[in-house]
Structure formats: C-alpha cells, structure tokens
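Take 458 as the starting number for the sequence shown in the numbering used here and just add one per residue. Note that CB positions come from ideal geometry on N, CA and C, so glycine has one too. These figures come from a predicted structure and were not determined experimentally. Data block below; observations after.
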Amino acid sequence: MSSQKRFNVAVVGATGAVGEQIIRLLEERSFPIQELKLLSSARSAGKTIPFRGQDLIVQEATPDSFRGVEIALFSAGGDVSRRLVPHAVEHGAICIDNTSAFRMDPETPLVVPEVNVDKINEHRGVIANPNCSTIQMVVALKPLYDRYGISRIIVSTYQAVSGAGAMAIDELLRQSKAVLEGEEAKPELLPVGSLPVKHPIAFNAIPQIDKFTENGFTYEEMKMILETQKIMGDDSLEVTATCVRIPVVYGHSESVYVELKSDFDVEDVKRLLAEAPGIVLQDDPASQLYPLATEAAGKLETFVGRVRRDLNNPRALNMWIVSDNLLKGAAWNAVQIAEYIAIEQP
Ligand code: NAP
Ligand code: 3JN
C-alpha cells in the first residue's frame with residue numbers, strides 16, 4: 458500500500474507465531490513504517506529478526522517502550538495487553554489488540570474489516586481483533602446476514618495447533634514423529650498449558666480449546682458466541698459452538714449450519730458468497746472441489762464450500778469454512794485494520 462505519512466510501529470509478541478506473521482505482512486504489504494519496534498518478554502530480548510534487509514533487535518516490552526509509537530500491534534496474550542495497552546494508549550498509540558482482553562469492552566470496537574470496517578473510527582485508542590474462529594465465520598456469514606437475515610448458527614470447529622502458539626506446533630510434530638517411530642506421544646502442553654491434565658494431539662481430536670466456563674462451554678466456544686453477536690451488532694442472534702483441536706498445523710476448518718430468516722435459492726447464495734469481499738468460493742462436488750486447510754494455509758482469504766440446503770429445514774444451509782488462523786484469523790486481520798488507520802491519516 459502507499460501513503461505519504463510513515464508510522465512508528467510496535468509489534469508486541471514479535472517472536473510468537475502471530476507476531477512473526479505480522480512482521481512478514483508489514484514487509485510484504487510495504488506498510489508505511491518510519492521505525493519498527495519489536496517487543497517480547499525478557500526471554501527473547503536481544504534476539505534479532507530480519508526486516509527490510511536489516512536485523513532488528515528484539516527488546517523487552519515495558520510501559521516506556523511505547524514512547525513515540527503511533528500504531529501498536531499486540532499479540533502476547535491477554536495479561537500483557539491488559540498491563541501494557543493502557544500505557545501505549547497514554548503515549549498516543551492506536552493499539553490493535555489480538556487478545557481477548559478488550560474484545561467485549563463496550564467502548565472497544567471489535568473489527569473484521571469485511572464486516573464492520575465503519576467501527577474502526579469509533580475507537581478510543583484500542584481496536585480489538587476477534588478470535589480466529591470467529592473471524593472466518595463472520596466473513597462468510599455477513600453477506601447472508603445482510604441479504605436474508607440470520608436467526609441461528611450452529612458451528613463445530615476443527616482447529617489447527619498453531620492457534621495455541623509456536624510451542625503447540627512443536628508438540629504436534631514431536632508427538633507425530635514419536636508415534637510413527639513406535640514410541641509414546643508424551644503430551645506436555647495441549648489442550649491448555651496452564652491445566653494439569655494433558656492429552657495427545659497426534660492422531661487425535663481434542664474437544665477442548667481453552668478452559669471450561671461454568672456453563673459447560675469452553676472460553677473458545679463462548680468467544681465465538683459473544684464475539685459473533687457483537688460484530689454482527691445483533692444480540693438476538695442464536696449461536697452455539699463446539700470447538701475441537703485437530704492434528705493440523707495451519708488452517709482452521711468449520712462446519713456451519715445456519716438458519717436464515719427468509720427464503721433463498723442455493724445458486725444465489727453461492728453467487729453472493731463468490732462476489733463477497735475476502736471470500737473465495739470453492740464449491741464443485743462434481744470435481745471434488747471444496748476448501749482444504751492445506752490449500753488455505755499461507756493465504757489471506759476465507760474459503761467457503763459444501764454449500765447446501767438443509768434436508769429438514771428449507772430455510773437453513775450447511776457449509777464448510779476454512780481460513781489460515783494465523784493470517785486472516787490473527788495477523789492479516791490486524792494488519793488490514795492498521796492499513797485502514799494509515800489510509801485515514803494520510
Ligand atoms: P506464542 O507463539 O506463544 O508467542 C507469544 C509471544 O508473546 C512471544 O513473542 C512472547 O515473547 C510474547 N510474550 C510472552 N510473555 C510476554 C510478556 N510478559 N511480555 C511481552 N511479551 C510476552 O503465541 P501466539 O500464537 O503468537 O499468540 C500470542 C497471543 O496472541 C495469544 O496469547 C492470543 O492472545 C493472541 N492470539 C490471537 C489469535 C486470534 O484468534 N486473533 C490467535 C492466536 C493468538 P517471548 O519470545 O519472549 O516468550
Ligand atoms: O486456540 C486457537 O486456535 C485460538 C487461540 C486463541 C487464543 C489463545 C490464547 C489466548 C486467544 C484468543 O485469541 O482468544 C487468547 C486470548 O487472548 O484470550
């Protein structure tokens with residue numbers, strides 16, 4: 458992108474799975490940067506990361522790190538955001554936060570540019586990036602919501618291990634190798650690093666992402682429910698979710714059942730999806746064309762297929778939605794928001 462003004466940008470969590478993709482996108486998209494600050498915990502301070510032909514030194518993130526920073530992209534977990542975002546805002550930075558820390562705060566816009574880009578301008582220093590599983594679902598459902606109305610969504614997710622961070626990728630690869638060599642999988646991290654019980658992810662499907670809440674749903678499932686209502690601006694939208702971790706490295710897949718408020722023609726629905734921003738329709742059963750995590754990995758779009766009318770409810774559709782969880786699900790959605798900010802402040 459091109460813009461006359463250049464920005465002082467900070468990436469918090471620069472050494473993480475999401476931070477790595479943010480830095481790569483800032484470089485690839487020629488984001489107008491004056492100075493880039495790469496921040497992490499003390500553990501990674503001093504490491505170098507290449508950016509535009511230079512080796513940038515990673516620094517420990519502290520409240521003072523944000524002096525002079527204009528745009529700060531946070532992906533170092535909710536606790537870090539809760540602690541440091543207020544300091545960044547105080548220093549005048551616009552914060553794009555990839556964590557759940559501010560998503561449900563009524564004063565913080567929760568933004569997916571294809572769905573509610575207009576909300577960006579309502580920010581008071583913080584713009585929240587939704588959860589990855591929410592983002593790809595609302596990108597695919599927004600055109601249907603606008604044309605037909607939606608009363609109910611039932612979603613089951615098949616989530617890649619990269620959603621749980623760089624260490625979870627290592628865990629899947631290590632366990633897979635061990636099992637193939639006839640050894641024990643030895644789970645150390647998943648499903649939730651901070652809980653005592655661990656389950657193997659290699660050759661498995663774990664129906665738990667994040668901790669359980671009191672109502673029996675996990676936090677990941679509750680994020681999908683509440684964030685979808687907030688982004689669509691519709692508290693009456695009925696959403697239920699089951700989130701499952703599967704042994705895939707990149708790309709979340711979702712089976713979605715959606716009840717519309719008015720009659721539809723399936724071919725019209727497909728045309729609508731094919732023309733919508735950020736969506737690639739891959740739907741041709743005759744040639745076995747449908748979205749696959751392996752194909753979505755590394756791409757910025759949300760892929761939709763297996764679109765079909767429900768057999769019991771003529772006003773309901775079933776579909777399959779796939780996207781790269783670290784890109785549209787996190788880094789790309791955040792950089793997209795940063796690009797809108799940069800364009801608004803030429
Ligand atoms: P990750 O691979 O484990 O990386 C964590 C990053 O946070 C590392 O750069 C780490 O730095 C940094 N960090 C940890 N503690 C810190 C501290 N006290 N101060 C400063 N930096 C600290 O995790 P990830 O997958 O990149 O995810 C990071 C966060 O992004 C998640 O916790 C989540 O909140 C958010 N996220 C959002 C989505 C989404 O759906 N939008 C998806 C994935 C993740 P060190 O190298 O020093 O440890
Ligand atoms: O597990 C996944 O596939 C997505 C994980 C997202 C995540 C991981 C740790 C903390 C989040 C998130 O974005 O909701 C958080 C968090 O910020 O709460």
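Asked	Found
R500 (DSSP reduced to helix, strand or coil)	helix
A733 versus D554: straight-line alpha-carbon distance, rounded	26 Å
Residue environment, R560, which counts as buried when at least 16 other CB atoms sit within 10 Å	buried
Opposing strand residues paired with L717 [DSSP bridges]	I607
Beta-ladder partner(s) of Y615, from DSSP	V701, S710
Inter-residue Cα distance where the pair is S460 and V466	Legend: pLDDT at S460 = 48, less than 50; position of this residue unreliable, no value from coordinates given.
8 Å contact criterion, which G786 and E571 should meet: CB distance rounded	Contact flag wrong, Cβ pair sits at about 13 Å.
Same chain, Cβ closer than 7 Å to A545, five either side skipped, listed in chain order	F523, V526, A529, C552
Beta strand (DSSP E) segment containing A529, residue limits	528 to 531
CA-to-CA distance, K756 to G606, given in whole angstroms	29 Å
T505: first and last residue of the uninterrupted beta strand (DSSP E) it sits in	505 to 508
Check: G786 C-beta below 7 Å from any heavy atom of ligand 1	yes
Inter-residue Cα distance where the pair is L436 and A621	Given a span of 458 to 803 for the chain in the structure shown, any question on residue 436 remains unanswerable.
Anticipated Cβ contact below 8 Å, G762 with L738, distance rounded	7 Å
Cβ-heavy atom distance, T556 to ligand 1, below 7 Å	yes
Outcome for A597 when other beta-carbon atoms lying within 10 angstroms are tallied against a minimum of 16	buried
beta-carbon I567 near ligand 1 non-hydrogen atom, thresh 7 Å	It is worth fixing the name first, because residue 567 is Leu in this sequence and not Ile. For ligand 1, not one heavy atom lies less than 7 Å from the Cβ of L567.
heavy atom of ligand 1 below 7 Å from I702 C-beta	According to the sequence as given, residue 702 is Arg; it is not Ile. R702: no, Cβ never under 7 Å from ligand 1.
N661: CB within 7 Å of a non-hydrogen atom of ligand 2	no
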